[in-house]
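For the sequence shown, my numbering assigns the number 1090 to the initial residue and increments by one for each residue that follows.
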Amino acid sequence: MVDLQTHEQRSLNMAAIKASNTLPEIYIRKILFSEGFRYRLNQKNLPGKPDIVLAKHKTVVFIHGCFWHKHQCHLGSTPKTNTDFWIKKFNSNVDRDQRNVQSLLELGWNIVIIWECAIKGKFKLPENSLRSILLSSIRDSTNRLINICGSKI
Ligand SMILES: [Zn+2]
1090 MVDLQTHEQR SLNMAAIKAS NTLPEIYIRK ILFSEGFRYR LNQKNLPGKP DIVLAKHKTV
1150 VFIHGCFWHK HQCHLGSTPK TNTDFWIKKF NSNVDRDQRN VQSLLELGWN IVIIWECAIK
1210 GKFKLPENSL RSILLSSIRD STNRLINICG SKI
């Protein structure tokens, strides 16, 4: 088989694959899988392209990087240089996130947002706490939007 991809295409593909297989995502997928959940990844047809879709539970899971999604925590700081650029960038990310959450709720999905600080860094949750919070968040459909953060934000 002849490889027709250019070097650039290949790098782009590798970058795309990497972005959907970050360590925090793999960590969460392992927890869900070990609890018997079955899921689909990166559903491009849903608002915000959720990282994990639990169709049976009508729940989508996002794993949000605290920097990019501007979490108010120790991992979500604004860079000291090009500050105006970053503030604009963060504001547009936050606006987009809010629109996506709204659309998903309107479509009948429940949403669990797991922030990076719950998974890594000095305030990360112990695995068994994260596991039980995550499972009860998925099973509890009375609360339609749940944020899971590190122990201090
Ligand atoms: Zn955070």
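Every residue gets a Cβ at the ideal spot worked out from N, C-alpha and C, and that includes glycine.
Taking 7 Å as the cut-off, the C-beta of tryptophan 1157 does not count as close to any heavy atom of ligand 1. Within the same chain, Trp1175 come within 6 Å of threonine 1167 by CB-CB distance, once the 5 residues on both sides are set aside. Nearest neighbour of cysteine 1206 by Cα position, chosen from Asn1171, Gly1197, Glu1216, turns out to be Glu1216.
Counted as a single uninterrupted DSSP element, the alpha helix (DSSP H) harbouring isoleucine 1176 occupies residues 1172 to 1195. Between asparagine 1182 and tryptophan 1157, the gap from beta carbon to beta carbon is short of 8 Å. Under the three-state reduction of DSSP output, arginine 1233 falls in the coil class, being neither helix nor strand.
Residue range 1141 to 1143 is occupied by the beta strand (DSSP E) that includes isoleucine 1141. Taking the Cβ of leucine 1234 as the reference point, every heavy atom of ligand 1 lies at 7 Å or farther away. In this structure, isoleucine 1141 places its C-beta atom within 8 Å of the C-beta atom of isoleucine 1117.
Fewer than three pairs of CB atoms, one per stretch, sit closer than 8 Å, so the stretch 1185 to 1198 makes no contact with the stretch 1212 to 1232. In this chain, the beta strand (DSSP E) harbouring phenylalanine 1151 covers 1148 to 1153. In this structure, the C-beta of glycine 1165 approaches ligand 1 to less than 7 Å from one of its heavy atoms.
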